[in-house]
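Structure first, then comments.
In full-length UniProt numbering, the protein residues as written are 1 to 162.
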């Protein structure tokens, strides 16, 4: 499960909407071994594409060195899909090189909908995971988990008179 602060999610969504119609990309760093995403690092999509993202190699080198100097690692690697659902493409899977990272996808295909999903991608295997949005002003034990972009299960609200 990915647990991430609401302010970071809001910053990622804002970045994705700002770069639309091109895909946006970036990293959320956190202390090594903590699995805690704490520092949002929006990056440039060197491909400047509506269907593909690529970190600029010099920017990536600088960001990874900075994380190393700060005893951080990429906890979340994110990018947006501009016309499709928030699900990793074959290209996304083939380029997923951080087996310990959460791969967060944001779809900007609907301007009024927040479609966010997180995946683990290890050796070409994609596994979706829940996203737990944390809000500093809310009791952490009261926070719910979400599977953004998922169809809700059918709920039968019909009550019998018994």
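Built from N, CA and C at the ideal position, the CB exists for glycine as well.
Measuring CA to CA, which of the options is closest to residue i?
{"i": "residue 69", "options": "29, 44, 36, 92", "result": "29"}
{"i": "residue 51", "options": "80, 43, 65, 39", "result": "80"}
{"i": "residue 173", "options": "72, 45, 53, 48", "result": "Within the shown structure, residues of the chain are numbered from 1 to 162, placing residue 173 beyond reach of any answer."}
{"i": "residue 88", "options": "114, 15, 122", "result": "122"}
{"i": "residue 112", "options": "4, 127, 17, 7", "result": "17"}
{"i": "residue 84", "options": "31, 35, 20, 26", "result": "20"}
{"i": "residue 110", "options": "13, 6, 5", "result": "13"}
Starting from residue i and walking both ways along the alpha helix (DSSP H), at which residues does that stretch end?
{"i": "residue 91", "result": "90-95"}
{"i": "residue 65", "result": "57-69"}
Under the DSSP definition of a beta bridge, which residues are partnered with residue i?
{"i": "residue 106", "result": "80, 116"}
{"i": "residue 75", "result": "In DSSP, residue 75 forms no bridge with anything."}
{"i": "residue 29", "result": "39, 74"}
Once you ignore the five residues that flank residue i on each side, which residues in its own chain have a CB closer than 6 Å to its CB?
{"i": "residue 1", "result": "129, 130, 132"}
{"i": "residue 99", "result": "122"}
{"i": "residue 46", "result": "54, 56"}
Looking only at its chain, what residues have a beta carbon closer than 7 Å to the beta carbon of residue i, apart from the 5 residues adjacent to it on each side?
{"i": "residue 9", "result": "116, 133"}
{"i": "residue 124", "result": "93"}
Please tell me whether, using a cut-off of 7 Å, the distance from the CB of residue i to the nearest non-hydrogen atom of the ligand FAD is below it.
{"i": "residue 40", "result": "Within the structure as shown, the ligand FAD is missing, as the structure has no ligands at all."}
Note down, in chain order, each residue of its chain lying with its Cβ closer than 8 Å to the Cβ of residue i, except the 5 sequence neighbours on either side.
{"i": "residue 162", "result": "Note that residue 162 scores a pLDDT of 41, beneath 50, so its modelled location is shaky and nothing firm can be said."}
{"i": "residue 11", "result": "40, 42"}
Could you check whether the segment 100-108 touches the segment 60-78, counting it as contact only if at least three pairs of C-beta atoms, one from each stretch, sit closer than 8 Å? With the cut-off at 8 Å, the segment 100-108 and the segment 60-78 touch.
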